[in-house]
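Undergrad: Pasting a structure here, questions to come.
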């Protein structure tokens, strides 16, 4: 909750909603599900380890 003067209220509301405080967006939920599925795959672990090694050597 943000308490402020009325003159700032509309500006604060516009900057927060819907960008930061939106509802559940189905495409975002789907994208997260796909990402979590990829992380559970053994190939992702190999990819992450290789990426980490490359970055350590740079």
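Numbering (full-length UniProt numbering), first residue to last: 1 to 58. All C-beta atoms, glycine included, are put in the ideal place defined by N, C-alpha and C.
(1) At what residue ranges does the UniProt domain "Serine hydroxymethyltransferase-like" (6-51) contain a whole run of the alpha helix (DSSP H), taking only runs of 4 or more?
(2) Roughly how many whole angstroms lie between the Cα atoms of residue 24 and residue 36?
(3) How many Å lie between residue 51 and residue 57 at the Cα?
TA: A quick look at the data gives this:
(1) 6-16 and 26-40
(2) 17 Å
(3) 10 Å
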